[in-house]
Every structure is written in structure tokens, then in C-alpha cells.
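In full-length UniProt numbering, the protein residues as written are 1 to 244.
Given below as C-alpha cells:
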């Protein structure tokens, strides 16, 4: 139970958490100065009134005991002085109350002014925060737009590069095909040429005998007419034999 009470004591009220706005103004300072002076005067007047009242009571008691004209006159004078002192004290107290009211009003005005200033500062801070947030958001949007623009440009460049690469590949393919056809034709031609050369190389060379060499080296003799006639006759006779 003791612990619970201790916790309850440490709890702060919402008013305690938020301290009142401390404000001051020339009017408030002046009112507080007047109140301070009147408070001192009121204290002094109260003391005088209390002393006068005691003095009047004592004089009245003495007059009642003595029953003389002088004592009665002294008692009347003491009563009048006490009454006057009490009236003065009451007047000063009234002034004190009025001064307190003025101080309270001045405090309210000063607090209202301070609250107004605080609210203005708060509004300015909120405005600055909103402007900062707007600027950050605007920058973010700008960055997003720039990124989208850059992405679009990159996509366009990539598409162009792909098209160019495709075109270059097609051109290269065509060139390679043309070169292959040309190489094939050249290879075919070379193969045919090689085949012909091989065929030519395969033919047997005629053997040159000593007799043929001597015959070739010897000078040619002019043939006689008669042996030629004989050869013709022999040539004519030969078919006849074949028929038989």
C-alpha cells in the first residue's frame, strides 16, 4: 500500500506537465509595483488601526471607571481616532484589492500576448516544416521524373543498339555467306584443277629405246619412188587376202 501511495504522489497532473506561459509587460510591472506599495501601506494602516482600537477600548474602560468629563472626552477622542484609522485601513485595503485586480488583468493581457506570440511561433514552425516537406517531396518527384526520363532514354538507346547490332549481324552473316560461297567456288575450282593435274600425272610416259634414239638422231633419208610403189601395191593386195 505504501508503494502505491508513493507512486500516486509522483504522478503529475496535465497542468503541471505544461507550465503556464510566463509573460511580462510594462503595464504588469507597474501594477505589481503599485500593489507592492499598497500592501506595505495596508500592513502599516492595519497596525495603526489595531493600536487605535486598543487605545480606544482602554480609554472607554477608564472613562466608565472614572466617570469624569475629561475621561469621557479622552475616550471619545480615542474612539474617533480608532474609527479614522480603521477607515484609512479599509480604504487602503480597497485600493489593494483594486491593485490586485489590475495586476490580474495585466497578467491576463500579458499572457494572452505571450500566447499569441507563442502561437505565431508555433504556426511559423509548422509552416517551415510544411515548406520543408513540400520541398523534399518536390525534389523527390523531380528525381523520379528524371529517373523515368533517363530510363526511357536508356531503353531507346538499348533498342537502337539492338537494331544496329541486328543489322550489323545480318550484314556480317551475308558477308560470311558470300565469302563461304566464294571460298566454296574457289575450292571447287582448285579441286577440279588438282584433279586434272592428277589425271595428267597418271598418264605413262613412252619409253625411248636405243634404236628409236639412234633413228631420231640419224639424218632422215629421202625415200625412193619404187619402194613407195611397192608399199602401195602391198596395201592394195592386203584387203584382198582379208576377203578370201
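Every residue, glycine too, gets a C-beta built ideally from N, C-alpha and C.
Secondary structure of residue 76 (DSSP, three-state): helix.
In the displayed model, residue 71 falls within a helix according to three-state DSSP.
Only residues of its own chain outside the window of five on either side were considered, and among them none has a CB closer than 8 Å to the CB of residue 176. Only residues of its own chain outside the window of five on either side were considered, and among them 42, 45, 46, 48 and 49 have a CB closer than 8 Å to the CB of residue 89, listed in chain order. Boundaries of the alpha helix (DSSP H) harbouring residue 31: 26 to 66, taken from the DSSP string.
Judged by their CB atoms, residue 78 and residue 98 are not nearer to each other than the 9 Å cut-off.
For residue 82, the number of other beta carbons within 10 angstroms of its own is at least 16, and it is reported as buried. Rounded to the nearest angstrom, the gap between the Cα atoms of residue 39 and residue 136 is 59 Å.
Counting every other CB atom within 10 Å of its CB across the protein chains shown gives residue 117 a total below 16, marking it as exposed. Closest by C-alpha distance to residue 111, out of 201, 27 and 172, is 27. Here residue 59 is buried: its Cβ has 16 or more other Cβ atoms, across all protein chains shown, within 10 Å. Your pair residue 25 and residue 106 checks out as a contact, with CB atoms roughly 7 Å apart and the cut at 8 Å. A straight-line Cα-Cα distance of about 34 Å links residue 179 and residue 156. Here DSSP, grouped into helix, strand and coil, assigns residue 110 to helix.
Under the three-state reduction of DSSP output, residue 169 falls in the helix class. Separation of residue 133 and residue 125 (C-alpha to C-alpha, rounded to the nearest whole angstrom) is 12 Å. Of the residues assessed, residue 31 falls on the buried side of the cut-off, its CB having 16 or more other CB atoms within 10 angstroms. The Cβ-Cβ distance between residue 63 and residue 75 falls below 9 Å.
Residue 35 counts as buried, since no fewer than 16 other beta carbons sit within 10 angstroms of its beta carbon.
Spanning the alpha carbons of residue 195 and residue 181 requires a straight line of approximately 21 Å.
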